[in-house]
Structure formats: structure tokens, C-alpha cells
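K.L.:
Read top to bottom, the protein sequences are chains R and Z.
Mapping the first sequence onto this note's numbering, position 6 (from 1) lands on 6, and the numbers just tick up by one.
Remember, this note's numbering sits 1000 above the position in the second sequence when you count from 1.
Note that beta-carbon positions come from the ideal geometry of N, C-alpha and C, so glycine has one too.
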Amino acid sequence: MHELSLCGAIAEIVTRRAGDRRVQVVHLQIGQLRQVVPDALTFCWTMLTEDTDLDGSTLDVDRVAAVLTCRTCGTRSDLPDPPAFACVGCGGLDVAIEAGEEFAVTALDLIPV
Amino acid sequence: MGRFHRHDGPEGHGHSHDHDHDHHHGVGDLSGYATADDRVEVLERIFGENERVGALNRADLDLAGAIAVNMMSSPGAGKTSLLAASLQWLTERHHVGVIEGDIETALDAERLAGLGAVVELINTGQGFGGECHLDAPMVRRALTRLPLAELDLVIVENVGNLVCPAEFDVGAHARVMVYSVTEGEEKPLKYPVMFRCADLVLVNKVDLLPHLDVDLAEFYKNLARVNPGVDTIETSARTGQGVAAFCAWVSARVPAGAIRR
């Protein structure tokens, strides 16, 4: 349950980037390997932004599936469930996480002036 | 990594650039494009500020010739008992500081007092429900209260939690995860981020194995799925098994010149 402090970090970024404009939607990218619960994030966002300049803004979460790439044979694969960080092609253990660790504010939709 | 942002000019030509500097962009940056459109492309990492402060912590430690070890586990896995059992070995060879993270109470800090280390407590309980992890700014405040110039090893005992602490770089040089054999074989699969981030996994409370149905081979198999090749040491704070091996693992990471007797 670290969503509240994450919302604090998101609000800091949004406030700085929005300047004096009002924000309608905050677009987020959250990788599968980030242990963030979108519903909890949305709940905390409503609570944190109440009676602030960000009151009424919403979060739009784009979840990114985890993708592994084998450094030995180059095979790309999705992370299996339950997770295993190994190559499905050659069985090698030297895999890079190509996607799934994203956690970023990607864009803001502003209320037209 | 610098902050990366993108913006399209009025002619619609896309361009992007990387910033290697670390200052925050003020709102003045937006004058060129935010007013022309109702959408601002941002692409800013949410952990960016925490990572920036974590890097500062690491740099301060490096300057002092010290390393920090971030100890993480679920509540009750035995971090404090293991630390208490380790401090005699460690303080005979190092000048040790301990940053003790707890949501409430000074109980753990009191348990570690008088064992030769300088103990600094962080209570994360202010605010809603208490923070479930230590972040880099909290550790930074604790570091300033420690006599860093006199230390060569700082052990950060994180808040007991298998989820949140794994997400926050506090500026440590190594991450030690304490797993206890009472927690079940499947924990690495349920908390892959925590188990994957560890440089060392301590398999603790092994003195209880005769009384449990836990299949340790299955645990190691699951651990290998999420963090193949990670160092492991079987420990018991109660019998002392593996404690010296754990201490030696930590000690080996302290810069050689820093060891003082």
C-alpha cells in the first residue's frame, strides 16, 4: 500500500508540468512488474487531490505487459505465469527485461481555456 | 538517466532529446507548446525524484568510504534478530551504523541498542496509515544524523513488507532479503519483484525445519525462476547458524581500505 506516496510523486510532476493550466486527465504507463494496484492508485488520487488545483482530474492507466529478451539467443517472450526469468527458446538465464518496468507520467490532458 | 521528454512543434515535426542534467524543469518550459494544445507530452519517471535522492545517498556513502546494505523481508521474518546476532561479529571489524525503519515504536531500535552500532530510528507512522517502506529522502535524513565520516558500514533495516520496499532505491550498495522457512515455498513466485531485486537471500529460521512440512528444494527452485544464481545463505538467529557467513558476505562488500579494527 504505497499508492498514496506514489500519488504524491505523481502530483508533484503533474503540478510542475501543467503550470497554471487545469488538468483533466493524467496519463500513466505502469509496467506489469511494478507492484501498483490501479484501483488503489485511483482511490488515493481522489483523496490526495481533493480541494487542490488537481481536484476533479482523473488517472488513465496504460498497463504494459512484461517482455523478456534472451541475451544469448535473442528470443523475445512474455513473462509466464507464474513468473520465470528464463528464455523460453534456449532455457538460458541471462535475460533482459525489455518491457514491464515502466512507471511514468506520459501525458496530461488539459482543460481547454 | 536524464529526464526524457518529447514535444511536437506547431509544424508537427516530432523531435525528442535527452537531458543529462538533473534540475527540475520549471513551468516556463511549457510556454512554447502547452498553450498551443490541450495535451502535454511528459514522459517523466515517477520514481525519478526518489532515484535522484538515492543516488545522492550512495555518493555521500562512497565519499565517506562506507557502504549501505538494505535489509528487507516480510514482517516477522527475523531481520532484527539476525542483525542483533550479527552485530558482535560486524562491530569487531567495522564501524557500523544501523538505520531502523518501523511504522511505529522504538522497540526494534531498543533491541539493537548497546550492541556496538550507532542506531538511528525512522518511524514512518506520520500520516495516513504509516508508510510501508523507507524511501530515499527518509534514509537521507537519517544519514545526516549518523556520524557518517566515522562509519564504514550502514545497515538499513527496512519496514517489514514484501511489496513496497522493493520499489524504492534508498541508496544502498547491496540488497539483502530475509526469507523465513515458515513463509512457504511459493513466496518467490508471489513476490517476484522483491526476490528478484535481492543480491543475497537469507533463508532464515532453518532451526525450525524439523517441525515444518516446508519443501526447501521447492523454494530454491522457485527462487531460481525469478532470480537465478542469487547468493543464498541458510541462517538461524537462534542457533547462530550461517550468521558468520552472512557477516562475511556483507564485510566483503566494504571497501578494503575502510576496514578498521
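Residue 1199 of chain Z to residue 56 of chain R, Cα distance in whole Å?
P.N.:
Taking the straight line joining both Cα atoms gives about 43 Å.
K.L.:
Helix, strand or coil: how does DSSP classify residue 13 of chain R here?
P.N.:
Correct three-state label for residue 13 of chain R: helix.
K.L.:
Who are the near neighbours of residue 1269 of chain Z in its chain, counting only those whose CB is closer than 8 Å to its CB and skipping five residues on each side?
P.N.:
In the structure displayed, chain Z extends from 1001 to 1261; residue 1269 of chain Z sits before or after that span and is not available.
K.L.:
Give every residue of the same chain whose Cβ lies closer than 7 Å to the Cβ of residue 1128 of chain Z, excluding the five residues on either side of it in the sequence, and list them in chain order.
P.N.:
Reliability of the predicted coordinates at residue 1128 of chain Z is poor, the pLDDT of 47 falling under 50, and the value obtained from them is presented with this limitation in mind. Excluding residues within five positions, none has a Cβ falling inside 7 Å.
K.L.:
Please list, in chain order, the residues of the segment 1034–1062 of chain Z that have any C-beta partner in chain R closer than 9 Å.
P.N.:
Listed by position along the chain: 1034, 1035, 1037, 1038, 1039, 1040, 1041, 1042, 1043, 1044, 1045, 1046, 1047, 1048, 1049 and 1050.
K.L.:
Put residue 5 of chain R into one of helix, strand or coil per three-state DSSP.
P.N.:
Of the three classes helix, strand and coil, the one that applies to residue 5 of chain R here is helix, per DSSP.
K.L.:
Per DSSP, residue 1071 of chain Z forms a beta bridge with which residues?
P.N.:
Answer by DSSP bridge pairing, in chain order: Z:1157 and Z:1176.
K.L.:
Considering just the uninterrupted stretch of the beta strand (DSSP E) at residue 1097 of chain Z, what are its terminal residues?
P.N.:
Residue 1097 of chain Z -> beta strand (DSSP E) spans 1096–1102.
K.L.:
Using a Cβ cut-off of 8 Å, which residues of the segment 76–105 of chain R contact any Cβ in chain Z, in chain order?
P.N.:
Going along the segment 76–105 of chain R in chain order, one finds 82, 83, 84, 85, 86, 93, 103, 104 and 105 with a Cβ nearer than 8 Å to chain Z.
K.L.:
With a threshold of 7 Å on Cβ separation, who are the neighbours of residue 100 of chain R within its own chain once the five nearest residues in sequence on each side are excluded?
P.N.:
Only 31, 32, 33, 64, 65, 66, 67 and 79 meet the Cβ criterion.
K.L.:
Exposed or buried, which one is residue 1100 of chain Z when buried takes at least 16 other CB atoms within 10 Å?
P.N.:
Flag for residue 1100 of chain Z reads buried.
K.L.:
What would DSSP say about residue 1109 of chain Z, mapped onto helix, strand or coil?
P.N.:
Residue state, collapsed to three classes: helix.
K.L.:
Do you know offhand how far residue 1028 of chain Z's Cα is from residue 1145 of chain Z's?
P.N.:
Only weak support is given to the placement of residue 1028 of chain Z: the predicted model assigns it a pLDDT of 45, under 50, and the value that follows is read from those uncertain coordinates. Those two C-alpha atoms are separated by around 37 Å.
K.L.:
Any idea which residues DSSP pairs residue 31 of chain R with across the strands?
P.N.:
Its beta-bridge partners are R:64.
K.L.:
Can you tell me whether DSSP reads residue 43 of chain R as helix, strand or coil?
P.N.:
Helix, per DSSP.
K.L.:
Applying the 10 Å Cβ sphere with the 16-neighbour rule, what's the burial state of residue 90 of chain R?
P.N.:
So residue 90 of chain R ends up on the exposed side.
K.L.:
Report the start-end ranges of each beta strand (DSSP E) in the segment 1173–1217 of chain Z that is 3 residues or longer and not cut off at the edges.
P.N.:
List check, beta strand (DSSP E) in window: 1174–1180 and 1200–1204.
K.L.:
Which residues does DSSP list as the beta-bridge partners of residue 104 of chain R?
P.N.:
Answer by DSSP bridge pairing, in chain order: R:29 and Z:1045.
K.L.:
Check each residue of the segment 1217–1241 of chain Z: if its Cβ is closer than 9 Å to any Cβ of chain R, include it; give the result in chain order.
P.N.:
Hits within the stretch, in order: 1222, 1224, 1225, 1226, 1227, 1228 and 1229.
K.L.:
Taking three-plus beta-carbon pairs below 8 Å as touching, is the segment 1052–1059 of chain Z in contact with the segment 1228–1243 of chain Z?
P.N.:
Touching, no, given that fewer than three Cβ pairs across the two stretches are closer than 8 Å.
K.L.:
Any beta carbon of chain R sitting closer than 8 Å to that of residue 1144 of chain Z?
P.N.:
It does not; no Cβ of chain R falls within 8 Å.
K.L.:
Can you pull the chain Z neighbours of residue 9 of chain R, defined as C-beta to C-beta under 9 Å?
P.N.:
What residue 9 of chain R touches in chain Z: 1046, 1047, 1048, 1049 and 1050.
K.L.:
Given that a residue counts as buried once 16 or more other Cβ atoms are within 10 Å of its Cβ, and exposed if not, what is residue 1079 of chain Z?
P.N.:
Counting Cβ neighbours within 10 Å, residue 1079 of chain Z comes out buried, since at least 16 surround it.
K.L.:
Classify residue 1177 of chain Z as buried or exposed, calling it buried when 16 or more other Cβ atoms lie within 10 Å of its own Cβ.
P.N.:
Residue 1177 of chain Z is buried by the Cβ-count criterion.
K.L.:
Between which two residues does the alpha helix (DSSP H) harbouring residue 1092 of chain Z extend?
P.N.:
It spans 1079–1093 - the alpha helix (DSSP H) in which residue 1092 of chain Z sits, taken as one unbroken run.
K.L.:
Can you tell me whether residue 2 of chain R is buried or exposed, with buried defined as 16 or more other CB within 10 angstroms of its CB?
P.N.:
By the neighbour-count rule (16 or more Cβ atoms within 10 Å), residue 2 of chain R is buried.
K.L.:
Return the CA-CA distance between residue 1085 of chain Z and residue 1067 of chain Z, expressed in angstroms with no decimal places.
P.N.:
Using only the alpha carbons, I get a separation of about 20 Å.
K.L.:
Apart from the five residues on each side of it in sequence, which residues of its chain come closer than 8 Å, Cβ to Cβ, to residue 1113 of chain Z?
P.N.:
Same-chain partners within the cutoff: 1119.
K.L.:
List the residues of chain Z whose Cβ lies closer than 7 Å to the Cβ of residue 112 of chain R, in chain order.
P.N.:
The contacting residues are 1038.
K.L.:
I'd like the span of the beta strand (DSSP E) that includes residue 1149 of chain Z, first residue to last.
P.N.:
Premise fails: residue 1149 of chain Z is in no beta strand (DSSP E) and is neither H nor E.
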